[in-house]
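Using the numbering used here, read the sequence shown as starting at 15 and increasing by one per residue. Below: one structure, written as structure tokens.
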Amino acid sequence: MIGELEEGARRSPVNWRELEELLPNRLDGVPLNLTEGQTIDIGTGLSSVSGQYEDEEQEVTIVIADLAFLSGIAAHAMADWIGEEIDRESDRGFERTSIFHSRRGEYPSYEKYHRDQGHESCELHSWVADRFLVAISGDGAAMSVCEEARDRISFRRLERLAEADD
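In structure tokens:
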């Protein structure tokens, strides 16, 4: 699942502004409140953008990170759930690794959901094109909200951005 870069090969990170275009304007009826982005290309390549959706009931954060400087084992260390099998469940929630199937492909994913005394929280992480980490977290949000966020991000566009750098 995790590819290796050829000896001496270097990838440049996608500018965070291109990643920002992938953030939905609204999520579960809540507008995008805050974005923050960065691109660092000094010896290593890292770019990320985060978007926050918050109202009185819930807060959802989406982070899209281009880990261009990582490959193979190093990338695996950043997303240590890749290649692992996790499957825990209780009456309060679950934690598991999975493969997210979209029309365009399959993506290693990590899912976590917790509910306690009416309060819900969720996490969804997906690994795209062997370099992008899409991380979604929700506080006061149902798992369906995190799934909606993931479904609204174009993984195909992330793949095209990665292909443009090859």
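For every residue, glycine included, the Cβ atom is placed at its ideal position computed from N, Cα and C.
Identify the residues that DSSP records as bridge partners of residue i: which are they?
i: C136; result: Y127, G152
i: F83; result: Answer is none; F83 lacks a bridge partner.
i: D101; result: R110
i: I76; result: G65, I150
i: E120; result: H115
May I ask you to report which of helix, strand or coil DSSP gives residue i?
i: W141; result: strand
i: L60; result: strand
i: L19; result: Unreliable positioning characterises L19 in this predicted model, as indicated by a pLDDT of 41, which lies under 50. A coordinate reading is not provided.
Measuring CB to CB, does residue i end up less than 9 Å from residue j?
i: T75; j: G152; result: yes
i: V63; j: L36; result: yes
i: D130; j: R110; result: no
What is the residue span of the beta strand (DSSP E) that residue i lies within?
i: V159; result: Per DSSP, V159 belongs to no beta strand (DSSP E); it is in the alpha helix (DSSP H), 157-165.
Candidates the options: which alpha carbon is nearest residue i's?
i: G119; options: P38, S62, D165; result: D165
i: S6; options: T53, Q131, H115, Y124; result: In the structure as shown, the chain begins at 15 and stops at 180. Residue 6 is therefore absent and cannot be evaluated.
i: R170; options: S26, L33, P27, R25; result: L33
i: V77; options: V148, D101, Y121, W30; result: V148
i: E177; options: R110, G154, A143, E161; result: A143
i: S104; options: G51, Q72, H128, G132; result: H128
i: A181; options: R174, K126, L175, W141; result: Coverage of the chain is limited to positions 15 through 180, which leaves residue 181 absent and any answer about it impossible.
i: D55; options: F108, G107, V28; result: V28
i: E68; options: C136, D179, L41, I100; result: L41
i: L172; options: F146, R25, A163, I150; result: F146
i: L84; options: I96, S158, T58, E71; result: T58
i: C136; options: Y121, P122, G43, A163; result: A163
i: W30; options: E161, A79, Y124, H133; result: A79
i: G43; options: D130, I100, Q72, I150; result: Q72
i: H139; options: D130, Q131, P122; result: P122
i: G97; options: G107, S112, R106; result: S112
i: L175; options: S61, E99, Q52, Y124; result: S61
i: V159; options: E134, D179, W141; result: E134
i: G132; options: W141, E161, G154; result: G154
i: D179; options: G65, E70, L81, P38; result: L81
Please report the residue range of the alpha helix (DSSP H) in which residue i lies.
i: E50; result: First-last for E50: 44-54, but that is the beta strand (DSSP E), not the alpha helix (DSSP H).
i: D10; result: It is not possible to answer for residue 10, since the shown part of the chain is limited to 15 through 180.
i: L36; result: Looking at the DSSP string, L36 is not in any alpha helix (DSSP H), and its letter there is neither H nor E.
Does residue i come within less than 9 Å of chain D when only Cβ atoms are used?
i: T58; result: Structure shown: chain D not included; a single protein chain is present.
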